[in-house]
Amino acid sequence: MDDMGAEEQDGRSSGAGPDGTVRRAFLSLGANLGDRAASLRAAREALAALPATRVLAASPVYETAPQGLEDQAWFLNQVVCVETGLEPLELLRRCQAIEQRAGRVREARFGPRTLDVDILMVEGVESDDPRLTLPHPRLWRRAFVVVPLADLWTLARGLTTVDVRALAAELRREQAVEPYRDG
Ligand code: ADP
Ligand code: MG
515 MDDMGAEEQD GRSSGAGPDG TVRRAFLSLG ANLGDRAASL RAAREALAAL PATRVLAASP
575 VYETAPQGLE DQAWFLNQVV CVETGLEPLE LLRRCQAIEQ RAGRVREARF GPRTLDVDIL
635 MVEGVESDDP RLTLPHPRLW RRAFVVVPLA DLWTLARGLT TVDVRALAAE LRREQAVEPY
695 RDG
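If you're matching positions, the sequence shown starts at 515 in our numbering and goes up one per residue.
Structure follows, in structure tokens:
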């Protein structure tokens with residue numbers, strides 16, 4: 515299915531999508547049920563296996579206090595930077611399929627979702643479509659997203675005018691985000 519041509523071998527793009535455009539995108543991974551680290555790992559592997567997609571970098575993993583609905587387990591969160599030829603809506607569809615596959619608690623028949631994959635930003639794309647709003651509407655309020663995004667600052671720099679590192683330091687004072695030692 516995937517076209518593994520010469521481009522792949524010299525470490526460049528793994529191929530463009532139908533409109534020929536390859537874009538950088540930042541994705542947020544989160545898990546708070548089951549084997550959380552395994553869910554994130556499975557998500558990263560599934561993203562790397564998408565057609566016309568390459569994982570450029572993954573932030574460290576953080577353990578974070580739940581926001582909003584606070585009576586639930588702490589999350590593991592991570593931000594991943596990919597380069598993809600998939601159209602944004604197609605990328606979303608693929609991310610939702612990854613959530614469904616990798617996010618299932620092993621023994622539960624209809625267990626709660628264990629993985630959330632959100633699209634934070636896609637290079638050159640702004641959208642207020644409720645199916646896919648870009649940048650993600652709650653991105654700049656969430657320490658669990660901004661802190662790992664700040665770790666990928668050199669890759670994020672061209673995509674936003676926001677001072678991600680300053681914002682990360684500010685949000686971190688209000689929302690618990692701790693480095694997670696991956697087992
Ligand atoms: P949440 O991530 O807010 O906890 P869901 O993962 O269930 O909730 O997503 C709810 C809906 O948000 C999805 O049906 C999706 O179409 C929509 N959505 C809008 N913008 C985005 C985005 N940038 N990334 C991911 N989903 C998005
Ligand atoms: Mg989501």
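We put the beta carbon where it would ideally sit given N, CA and C, even for glycine.
The residue from ALA587, ASP533 and GLY599 with its alpha-carbon nearest to that of LEU561 is GLY599. The stretch 634-645 and the stretch 573-588 do not touch, with fewer than 3 CB-CB distances between them shorter than 8 Å. Of GLU577, ARG538, ALA680 and ASP630, the smallest CA-CA separation from ALA556 is found for ASP630.
Looking at the DSSP output, ASN591 sits in a beta bridge with GLY544 and TYR576.
In this structure, SER553 is the residue among SER553, VAL596 and LEU603 with its C-alpha nearest to the C-alpha of ALA616. Leaving aside the five residues that flank ALA587 on each side, the residues in its chain whose CB is nearer than 6 Å to its CB run, in chain order, ASN546. Exposure of PRO651 is indicated by the presence of fewer than 16 other C-beta atoms within 10 angstroms of its C-beta.
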